[in-house]
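Colleague:
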Amino acid sequence: MGSLKSEIRTAISHALHGALDAARTALELPTEAKIPEFVVSSPREEQFGDFSTNLAMQLAKPTRRPPRDVAAVILQHFDYQRCSWVEKADIAGPGFINFYLRAGWLNETLRQIVKEGEEYGRSTIGGRQKVNVEFVSANPTGLLHMGNARGAALGDSIAALLNYCGFTVTREFFINDTGHQIDRLAASLEARYRQEFGEDTPVPEDGYQGADIADTARRFIAQTGETYRRVPGPERIKALTDFGIADKIAHISKSLGSFGIFYDVWFSESALHASGAVQKVVENLIRAGATYQSEGALWFRASRYGAEKDEVLIRSNGAATYFAADIAYHVDKFSRGFTWLINVWGADHYGHVARLKAGLEALGYDPDCLQVIIMQLVRLFQSGEVVRMSKRTGDFVTLDELLEEVGRDAARYFFVLRGSDSHLDFDLDLARAQSMENPVYYVQYAHARIASLFRQLALRDKALPAIDSVRLELLAAEEEERLVKKLADFPEEVVDAAIDLAPHRLTGYVHELAGLFHSFYNVHRVIGADPGLEEARLVLVLATGIVLRRALALLGISAPEKM
RNA sequence: GCGCCCGUAGCUCAGGGGAUAGAGCGCCGGCCUCCGGAGCCGGGUGCGCAGGUUCGAUUCCUGCCGGGCGCACCA
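Quick note on numbering: my numbering labels position 130 of the first sequence as 146, and the sequence is numbered without any gaps.
1) With a cut-off of 8 Å, do at least 3 Cβ pairs link the stretch 375-382 to the stretch 299-309?
2) Could you tell me whether the stretch 322-330 touches the stretch 114-125, where touching means 3 or more Cβ pairs closer than 8 Å?
3) By Cβ distance, which residues of its chain are closer than 8 Å to W361, with the 5 residues on each side in sequence left out?
4) Just verifying my parser: in three-state terms, what is the DSSP assignment at N70?
5) Beta-carbon separation of G223 and A203 under 8 Å?
6) Are the stretch 249-260 and the stretch 198-212 touching, with three or more C-beta to C-beta distances below 8 Å?
7) One question on the structure: do V403 and V394 come within less than 8 Å of each other, judged by their Cβ atoms?
8) Can you give me the C-alpha to C-alpha distance between G322 and L386, rounded to a whole angstrom?
9) Scan the stretch 127-210 and note each continuous alpha helix (DSSP H) run of 4 residues or more that stays entirely inside, going in chain order.
10) Please report the residue range of the alpha helix (DSSP H) in which S284 lies.
11) If we require 4 or more residues per run, which alpha helix (DSSP H) segments fall completely within the stretch 282-352?
12) Can you round the beta-carbon distance between S169 and R428 to whole angstroms, since I take them to be within the 8 Å contact cut?
13) Measure from the alpha carbon of Q197 to the alpha carbon of each residue in P156, M579, V219, S574, then state which is nearest.
14) Could you tell me the alpha carbon to alpha carbon distance between V219 and S286, rounded to whole angstroms?
15) Under 8 Å, do F112 and T140 count as touching if we go by C-beta distance?
16) So, are the CB atoms of A567 and V130 less than 8 Å apart?
17) Taking only the alpha-carbon atoms, compute the straight-line gap between N148 and A293 and give it to the nearest angstrom.
18) Measure the C-alpha to C-alpha separation of I51 and G18 and round it to an integer number of angstroms.
19) Bridge partners of Y244, per DSSP?
20) Just to confirm my understanding: we take G143, look at its own chain, exclude 5 residues before and 5 after, and list those with CB closer than 7 Å. What are they?
21) Residues in its own chain within less than 8 Å of E497 by CB, not counting five upstream and five downstream?
22) Between which two residues does the alpha helix (DSSP H) containing A105 stretch?
23) To the nearest angstrom, report how far apart E242 and G423 are at their CA atoms.
24) What does a CB cutoff of less than 7 Å around A374 pick up in its chain, not counting 5 residues either side in sequence?
25) Taking only the alpha-carbon atoms, compute the straight-line gap between D95 and V539 and give it to the nearest angstrom.
26) Going by CA-CA distance only, name the one from I343, G34, R234, Y525 that's closest to L71.
27) Which whole-angstrom value describes the C-beta separation of A449 and F430, a residue pair presumed to lie in contact below a C-beta threshold of 8 Å?
28) If you check the beta carbons only, do V107 and A39 fall under 8 Å apart?
29) Rounded to a whole number of angstroms, what is the C-alpha to C-alpha distance between A426 and Y209?
30) Between the C-alpha atoms of A207 and R234, what's the straight-line distance to the nearest angstrom?
31) Assign T337 to one of two classes, buried (16 or more other C-beta atoms within 10 Å of its C-beta) or exposed (fewer than that).
32) If you follow the alpha helix (DSSP H) that I253 is part of, which residue opens it and which one closes it?
33) Give me the Cα-Cα distance between G249 and D228, rounded to the nearest whole angstrom.
34) Identify the continuous alpha helix (DSSP H) that holds I24 and give its terminal residues.
35) May I ask you to report which of helix, strand or coil DSSP gives R471?
Now the structure itself:
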């Protein structure tokens, strides 16, 4: 379940509450003051102990006493029996109370890691709550670009993190298979189709110019021959479009698959229209009194629900907007039992957030159950120059090309290297480099080294004895202690990264962990150390490998045995 | 114009009410008779500006400046 470290943190927090109560009962602190917010944190500096609390400083004002005095009173009433791992506590700086743990807690953590194996760090805090993570949802009109790729890496890692924290996660892709852009796809396909038979039919100005559309047209011809050459235009276009959408979706699915991303649900927009779900949502909005007619269109009073302005639901030509369909889509998600909806969207969809939430609220749903991650855009660099991209002209780098250039591991690592609200400069040259400039290799190299150590061990016909018989107390060096402490952080790092929907925190963690391993490895011999020490160090190495593998898996990155 | 995101080291970015603000890259100098040198160790400068809240602000609030993205009967 919880890690030893988080259990100790909780125990300290409870003991502090107990000390506070006791001090008040003894009338050494005023009883009327409210208990302030306080944290039991992990200090940055090693000299400040293993845990630290700001409780006394937060109490300074309500008790009108100097924080160090308050800290002394709290410590007098602190019951060490309630957290047996605490060896001592002292008062430092402006009024921090610092806690120092008995050295054995680190060895206990190592045992826990080895016993739990790659389940170490898994938690149940999600309580099986049903979460829907929708990401990429690219239009089926072309290939995947860098923005889609970033969304893919982010969404998939967020889903993996939440799943590991005990949420029941569904990964979902919404297919925009209707509407204006599909008409443009149809016109582009028709032009390419006729070109294949020698006609001079240019792709419309606002069509999709990419060569992939011509490829799709050729695949259609390969399958249908000349059957559709002489059928009426509308019928041919319908067949072309149906084929085209399926072809594009198949390609998108395949690209994402080679990026290590697999969906549970592919949800079709046109199905929402066909089933009447869109119509029903519009009717419910009308019934709720949230709409009005104007200029021949049906409007939703979004501004009444916190959005900037009202929005059209049904255009004057009778067609429902994408906005109406998207409300219906999210209503559908709720009806499937999800209580937490996460969407990963590009910054260019920002304007859509407030009105979608407004629509859900008007229908009686809690808009806070929908959380939209607005991801800033990706700039691609090559040879120090920005690579300009335009989907319309077909002039852009695709996910397929990226994977060919830099490989899946580097691509996934780079896309979750930064926070989603930070612009991402993706340096193709750096990601391509099979060298030490490339951070993903640094982490993988640590894992390969560990694997190599166990290969060496096997060559000598040796094996690690049972964990309980290993004398872990022999691990006393500074590098060893730092490494174990980092391993002890892992479960809490995972929870923090999951709750914050911030996989880049895990990227940072795994890099630091690899760094501490390299530092340890360079200073200390593992195989060939004194027998007892060799075993203890092997346990440390084993545990490091377990955590590296688990962390990389959550990021969708491989942990190679050899490189 | 209005809204959202960002402004932290030469560059790309973490961090975020607390005790001495971090990493990578680049630059300089060291370290393998030994488990993978794709590594390790050492060396430097920094929170855009101005107010405010606070015992304490790089972090929160306001204004300004700079960059990005939105503000369609597109999706």
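Glycine is no exception: its CB is placed at the ideal position from the N, C-alpha and C atoms.
Modeller: Taking the definition as stated:
1) Verdict: yes, contact present.
2) By the C-beta criterion, the stretch 322-330 is judged not to be in contact with the stretch 114-125, since fewer than 3 inter-stretch pairs fall below 8 Å.
3) By 1-based counting over the first sequence, the position of residue 361 is 345. So the qualifying residues of the chain are G167, H368, V369, V388, I389, I390, M391.
4) Residue mapping note: residue 70 aligns to position 54 of the first sequence, counting from 1. Note: N70 maps to coil in three-state DSSP.
5) As a position in the first sequence, residue 223 is number 207, starting the count at 1. As a position in the first sequence, residue 203 is number 187, starting the count at 1. Cβ distance < 8 Å, so G223 and A203 count as in contact.
6) Touching, per the Cβ criterion.
7) Locating residue 403 in the first sequence gives position 387, where the first residue counts as 1. Locating residue 394 in the first sequence gives position 378, where the first residue counts as 1. No, Cβ-Cβ distance for V403 and V394 is not below 8 Å.
8) Position 306 of the first sequence, counted from the first residue, corresponds to residue 322. Position 370 of the first sequence, counted from the first residue, corresponds to residue 386. If you take the alpha carbons of G322 and L386, they lie about 15 Å apart.
9) For the stretch 127-210, whole alpha helix (DSSP H) runs of length 4 or above, ordered along the chain, are 162-180.
10) Here residue 284 corresponds to residue number 268 of the first sequence, with the count starting at 1. From DSSP, S284 is part of no alpha helix (DSSP H) but of the beta strand (DSSP E) over 281-284.
11) Runs found: 285-290, 293-303, 338-351.
12) Taking the first residue of the first sequence as 1, we reach residue 169 at position 153. Taking the first residue of the first sequence as 1, we reach residue 428 at position 412. A small fix is needed here, since residue 169 is Ala in this sequence, not Ser. Contact flag correct, Cβ pair sits at about 5 Å.
13) One-based indexing of the first sequence puts residue 197 at position 181. Among P156, M579, V219, S574, the Cα nearest to that of Q197 belongs to P156.
14) Here residue 219 refers to the residue found at position 203 of the first sequence. Here residue 286 refers to the residue found at position 270 of the first sequence. Taking the straight line joining both Cα atoms gives about 25 Å.
15) What you label residue 112 is simply residue 96 of the first sequence in a count that begins at 1. What you label residue 140 is simply residue 124 of the first sequence in a count that begins at 1. No, Cβ-Cβ distance for F112 and T140 is not below 8 Å.
16) In the first sequence, residue 567 corresponds to position 551, counting from 1. In the first sequence, residue 130 corresponds to position 114, counting from 1. Contact: no.
17) In the first sequence, residue 148 corresponds to position 132, counting from 1. In the first sequence, residue 293 corresponds to position 277, counting from 1. Distance between N148 and A293, taken at the CA atoms: about 19 Å.
18) In the first sequence, the residue the question calls residue 51 occupies position 35. In the first sequence, the residue the question calls residue 18 occupies position 2. So the alpha carbons of these two residues sit roughly 26 Å apart.
19) Sequence index remark: in the first sequence, residue 244 carries index 228 (1-based). Residue pairing by DSSP places Y244 in no beta bridge whatsoever.
20) Stepping through the first sequence from its first residue, residue 143 is reached at position 127. In the same chain as G143, and ignoring 5 residues on each side of it, the C-beta atoms closer than 7 Å to its own belong to G182, in chain order.
21) If you number the first sequence from 1, residue 497 lands on position 481. Taking C-beta separations shorter than 8 Å and ignoring five residues to either side along the sequence, the partners of E497 in its chain run L122, L491, following chain order.
22) Taking the first sequence and counting its residues from 1, one reaches residue 105 at position 89. Here A105 belongs to no alpha helix (DSSP H); instead the beta strand (DSSP E) covers 102-108.
23) Start at 1 with the first residue of the first sequence, and residue 242 comes out as number 226. Start at 1 with the first residue of the first sequence, and residue 423 comes out as number 407. Cα to Cα, E242 sits roughly 39 Å from G423.
24) For the purposes of this step, residue 374 is taken as the residue at position 358 of the first sequence. Only A318, Y321, G322, A323 meet the Cβ criterion.
25) Looking up residue 95 in the first sequence gives position 79. Looking up residue 539 in the first sequence gives position 523. D95 and V539: Cα-Cα distance of roughly 40 Å.
26) The residue given as residue 71 occupies position 55 in the first sequence. The option with the nearest alpha carbon to L71 is G34.
27) Residue mapping note: residue 449 aligns to position 433 of the first sequence, counting from 1. Residue mapping note: residue 430 aligns to position 414 of the first sequence, counting from 1. Contact doesn't hold; Cβ gap of about 12 Å is too wide.
28) Your numbering for residue 107 matches position 91 in the first sequence. Your numbering for residue 39 matches position 23 in the first sequence. Residue identity differs from the one stated: residue 107 is Ile in this sequence, not Val. In this structure, A39 does not lie closer than 8 Å to I107 by Cβ.
29) Your numbering for residue 426 matches position 410 in the first sequence. Your numbering for residue 209 matches position 193 in the first sequence. Distance between the alpha carbons of A426 and Y209: 38 Å.
30) Working through the first sequence from its first residue, we reach residue 207 at position 191. Working through the first sequence from its first residue, we reach residue 234 at position 218. Here the alpha carbon of A207 sits roughly 12 Å from the alpha carbon of R234.
31) Along the first sequence, read from residue 1 onward, the residue named residue 337 stands at position 321. Taking all protein chains shown into account, T337 has 16 or more neighbouring C-beta atoms within 10 Å of its C-beta and is therefore buried.
32) Locating residue 253 in the first sequence gives position 237, where the first residue counts as 1. For I253, the enclosing alpha helix (DSSP H) covers residues 249-274.
33) If you number the first sequence from 1, residue 249 lands on position 233. If you number the first sequence from 1, residue 228 lands on position 212. Cα to Cα, G249 sits roughly 22 Å from D228.
34) Stepping through the first sequence from its first residue, residue 24 is reached at position 8. Note, I24: alpha helix (DSSP H), 20-41.
35) Your numbering for residue 471 matches position 455 in the first sequence. R471 falls in the helix class under three-state DSSP.
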